[in-house]
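Number of protein chains: 2
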Amino acid sequence: MENKEVHDLIIIGGSAAATAAGIYAARRGLNFKIITKDFGGEVATSGEIGNWPGINKTDGITLAGQFKEHLRYYGVEPEEGVEVEKVLVEPDGSFLVKSNNGNYAAKTVIMTTGVHPRELGVTGEKEFRNKGVSYCTVCDGPLFAGKNVATVGGGNSALESALMLSDIASQVYVINKNAQFKGDQILIDNLNKKNNVKITYDASTTAIIGDQFVTSLKYNDSSGSEKEIKVDGIFVHIGMVPNSSLAPDETAKDQFGQIKVNANCETNVPGLYAAGDVTDTPHKQIVIAAGMGTCALLSAVNYLNRMK
Amino acid sequence: MENKEVHDLIIIGGSAAATAAGIYAARRGLNFKIITKDFGGEVATSGEIGNWPGINKTDGITLAGQFKEHLRYYGVEPEEGVEVEKVLVEPDGSFLVKSNNGNYAAKTVIMTTGVHPRELGVTGEKEFRNKGVSYCTVCDGPLFAGKNVATVGGGNSALESALMLSDIASQVYVINKNAQFKGDQILIDNLNKKNNVKITYDASTTAIIGDQFVTSLKYNDSSGSEKEIKVDGIFVHIGMVPNSSLAPDETAKDQFGQIKVNANCETNVPGLYAAGDVTDTPHKQIVIAAGMGTCALLSAVNYLNRMK
Chain A
0 MENKEVHDLI
10 IIGGSAAATA
20 AGIYAARRGL
30 NFKIITKDFG
40 GEVATSGEIG
50 NWPGINKTDG
60 ITLAGQFKEH
70 LRYYGVEPEE
80 GVEVEKVLVE
90 PDGSFLVKSN
100 NGNYAAKTVI
110 MTTGVHPREL
120 GVTGEKEFRN
130 KGVSYCTVCD
140 GPLFAGKNVA
150 TVGGGNSALE
160 SALMLSDIAS
170 QVYVINKNAQ
180 FKGDQILIDN
190 LNKKNNVKIT
200 YDASTTAIIG
210 DQFVTSLKYN
220 DSSGSEKEIK
230 VDGIFVHIGM
240 VPNSSLAPDE
250 TAKDQFGQIK
260 VNANCETNVP
270 GLYAAGDVTD
280 TPHKQIVIAA
290 GMGTCALLSA
300 VNYLNRMK
Chain B
0 MENKEVHDLI
10 IIGGSAAATA
20 AGIYAARRGL
30 NFKIITKDFG
40 GEVATSGEIG
50 NWPGINKTDG
60 ITLAGQFKEH
70 LRYYGVEPEE
80 GVEVEKVLVE
90 PDGSFLVKSN
100 NGNYAAKTVI
110 MTTGVHPREL
120 GVTGEKEFRN
130 KGVSYCTVCD
140 GPLFAGKNVA
150 TVGGGNSALE
160 SALMLSDIAS
170 QVYVINKNAQ
180 FKGDQILIDN
190 LNKKNNVKIT
200 YDASTTAIIG
210 DQFVTSLKYN
220 DSSGSEKEIK
230 VDGIFVHIGM
240 VPNSSLAPDE
250 TAKDQFGQIK
260 VNANCETNVP
270 GLYAAGDVTD
280 TPHKQIVIAA
290 GMGTCALLSA
300 VNYLNRMK
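Chains as they are written, first to last, in numbering that gives the first Met the number 0: chain A, 0 to 307; chain B, 0 to 307.
In structure tokens:
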């Protein structure tokens, strides 16, 4: 399908940032579409959510459903099943969004394509995702009060995960595949002061075991022999991979492939905005993504007003 | 009352940014307080709200109530009636928050003190606030579909208000007290193209008239004679005043008195964060404030972790 219509805006993605942008775009009367592989994104996979302001306790599926319902209330139906291959900048500065559903032409584009966690790639990891395996300690850590947990990783994210878990869980194991941490010294020092944290270096995770829920983690130690620790939760913090490869080649990214944005959610490409986890914002949270989606949309509106 | 306890964090303010920061602070187990003159802030005065993601339609009082309930769910009771006079930076880099309720000592402070709209100071303005008088076109403009409205002001905010209203309302009057606009030319050009917008220059608003709801606006024209226009809504865009005077004297502010923050919601003062409308973020929206409150809190947590 070729779509020759030039939209004011194409929003790529289908989670909190896309929802917030879509709600504001509808209220501002823009000619726009939300296109996404599937609706819900990181929100829908979040399990229990206690930090969406105004809702004491919900879950990812429910909140994503409310987001979709809110868009529908404004007559916006996200186009799902659309996999964007590439966004191209046209000679006139407009955009061509190439997808498996044909091309979309647009004056502005907001990228809210999120991230995916780097996986360990071990047995049991996919099976026990959200059944003890988590990639977000801030989100899911509070669910493991008094339990035994493991953090896998060796950078700041893993250190912060382990520090947080040490205040919540009974026993925290840190499984670091390297001989030392790559994070900030002060975090390492603080972690070493904790008396319920056991750090294992040169430890390569080999399997995640469980029945209904995670029961243990297996790893090879520095001598190559396999060990098993009993844990209820496993927090994998070995990096996130931003879904940014489809951004125009002109787009400035940081060393992690995250799209660089300023406080207005503008990228270096005029008319191209980004919001949420795909950007270089340091904190990946639903409400931050929603705020950024709104910010990106309002910046896009100002850009369109100046174009008219 | 003197409070000698040194808190991890004092959050000053009681609206969306404070709520989001408070929820995350509680989940992270910080020793903190929320202190505010009154809870609800700009949210509570917003009238109908259709752009808080996940809730199709609500109102400011209800949403502010949900925010407070969410804090209480985590055992956080904002201290209301607290008017902060000044935040001081101590020689050791910690903070002393001086208030009518005594002093609070803290390692970190998040300022979410918001803004107040600059008022016209004319008869009827206070009486018809939220009964036709609004200070936020993005928030309230959609409620005036097909009606007659006036925007008062002459800067970009007023121009954007009038441009937005021209797509929504039947007739838009722009009352500019100066002989020309002070905003961007392209916005002025675009406004001049609209055929349902009537601009009056050198017009000084003198009174807002109504019964249950606004019915008209009176102004003195350039010759000094009083005119009256029939309108259902009046959007006052003559500037916002950030509530930033209580920030430490060391705090960097922009030309409007807004507290400068980076993408991490850090100010130039280590340990001092700001979020929401009191900052130099260009877009003043509830969900943006909530996102920034979360961002500020997570930055403060990282700072505290590095202090330990």
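In this text, a Cβ means the ideal position worked out from N, Cα and C, and glycines have one as well.
Proximal chain A residues relative to residue i, where beta-carbon distance stays under 9 Å
i: B/Leu119; result: Residues of chain A passing the Cβ test: none, with the nearest at roughly 25 Å.
i: B/Asp166; result: Arg27, Gly28
i: B/Glu159; result: Val300, Asn301, Asn304
i: B/Ile258; result: Under the 9 Å cutoff, chain A gives no residues; its nearest Cβ is about 13 Å from B/Ile258.
Cross-strand partners of residue i (DSSP beta bridge)
i: A/Leu142; result: Answer by DSSP bridge pairing: none, since A/Leu142 is not bridged.
i: B/Pro269; result: DSSP, once it has assigned bridges, lists no residue as partnering B/Pro269.
i: B/Thr250; result: Answer is none; B/Thr250 lacks a bridge partner.
i: B/Thr278; result: B/Ile258
i: B/Asp58; result: B/Glu47
i: A/His6; result: A/Ala105
i: B/Tyr172; result: B/Ala149, B/Lys197
i: B/Ile11; result: B/Ile34, B/Met110
i: B/Lys85; result: B/Lys97
i: A/Val240; result: A/His115
i: A/Glu79; result: A/Thr35
CB contact check: residue i to chain A, cutoff 8 Å
i: B/Gly309; result: Coverage of chain B is limited to positions 0 through 307, which leaves residue 309 of chain B absent and any answer about it impossible.
i: B/Met110; result: no
i: B/Val286; result: yes
i: B/Asp183; result: yes
i: B/Gly209; result: no
i: B/Pro314; result: Residue 314 of chain B lies beyond the stretch modelled for chain B, which goes from 0 to 307, so this question has no answer here.
i: B/Gly49; result: yes
i: B/Asn219; result: no
i: B/Ile198; result: no
i: B/Thr150; result: no
i: B/Thr250; result: no
i: B/Gly113; result: no
Whole-angstrom distance between residue j and residue i, CA atom to CA atom
i: A/Pro241; j: A/Leu303; result: 27 Å
i: A/Asp166; j: B/Arg117; result: 46 Å
i: B/Pro281; j: A/Asn263; result: 7 Å
i: B/Met0; j: A/Gly131; result: Residue confidence for B/Met0 is low, a pLDDT of 46 falling below 50, so the modelled location carries little weight; the figure read from the coordinates is stated next. Approximately 47 Å, taken between the alpha carbons.
i: B/Lys134; j: B/Ala161; result: One point to set straight first is that residue 134 of chain B is Tyr, not Lys, in the sequence displayed. Cα to Cα, B/Tyr134 sits roughly 13 Å from B/Ala161.
i: A/Asp91; j: A/Val108; result: 14 Å
i: A/Asp188; j: B/Ser93; result: 22 Å
i: A/Gly101; j: A/Leu190; result: 51 Å
i: A/Glu126; j: A/Gln170; result: 24 Å
i: B/Ile233; j: B/Val151; result: 7 Å
i: B/Gly310; j: A/Asn55; result: Given a span of 0 to 307 for chain B in the structure shown, any question on residue 310 of chain B remains unanswerable.
i: A/Ser243; j: A/Gly13; result: 15 Å
i: B/Ala105; j: A/Phe66; result: 37 Å
i: B/Pro141; j: B/Val42; result: 17 Å
i: B/Lys252; j: A/Lys259; result: 24 Å
i: A/Ile237; j: B/Thr57; result: 41 Å
i: B/Asn301; j: A/Glu4; result: 47 Å
Neighbour list for residue i in chain B, Cβ cutoff strictly below 9 Å
i: A/Phe234; result: Going along chain B, no residue has its Cβ under 9 Å from A/Phe234, so there is no contact; the nearest lies around 15 Å.
Residues that residue i contacts on chain A, provided the C-beta gap is smaller than 8 Å
i: B/Phe31; result: In chain order: nothing, as chain A lies at least about 14 Å away.
i: B/Met239; result: Result: empty, since nearest Cβ-Cβ is about 15 Å, beyond 8 Å.
i: B/Leu186; result: Asn304, Arg305
i: B/His69; result: Pro52, Gly53, Ile54, Asn55
Any chain B beta carbon closer than 8 Å to residue i
i: A/Gln65; result: yes
i: A/Asn102; result: no
i: A/Met0; result: Any reading at A/Met0 is ruled out, since the residue's pLDDT is 46, under 50, leaving its predicted position unreliable.
i: A/Val10; result: Before going further, note that residue 10 of chain A is Ile rather than Val in the sequence given. With 8 Å as the cut-off, A/Ile10 does not count as an interface residue toward chain B.
i: A/Ser14; result: no
i: A/Tyr172; result: no
i: A/His282; result: yes
i: A/Leu87; result: no
i: A/Pro141; result: yes
i: A/Ser154; result: The question names Ser, but residue 154 of chain A is Gly in the sequence shown. So no, A/Gly154 is outside the interface.
Proximal residues of chain A, C-beta to C-beta of residue i below 7 Å
i: B/Cys135; result: In chain order: nothing, as chain A lies at least about 12 Å away.
i: B/Pro247; result: Within chain A, no residue comes near B/Pro247; the closest Cβ sits about 22 Å away, beyond 7 Å.
beta-carbon residue i near the ligand SAH non-hydrogen atom, thresh 7 Å
i: A/Pro141; result: The model depicted lacks the ligand SAH and carries no ligand whatsoever.
Where residue i meets chain B, residues with beta-carbon distance less than 8 Å
i: A/Thr266; result: None at all; the shortest Cβ gap to chain B is about 13 Å.
i: A/Leu162; result: Asn304
i: A/Pro90; result: Those within 8 Å of A/Pro90 in chain B number zero; the least Cβ separation is about 22 Å.
Note down, one range per segment and in chain order, each beta strand (DSSP E) of at least 3 residues found wholly within the region 201-238 of chain A.
203-209, 213-219, 225-229, 232-235, all fully within the region 201-238 of chain A.
Go through the region 24-51 of chain B residue by residue and report every complete run of the beta strand (DSSP E) that reaches 3 residues or more, in order.
Complete beta strand (DSSP E) runs here, min 3: 31-34.
So within the region 95-167 of chain A, which uninterrupted beta strand (DSSP E) runs reach at least 3 residues, ignoring any that extend past its ends?
Runs found: 101-110, 114-116, 147-151.
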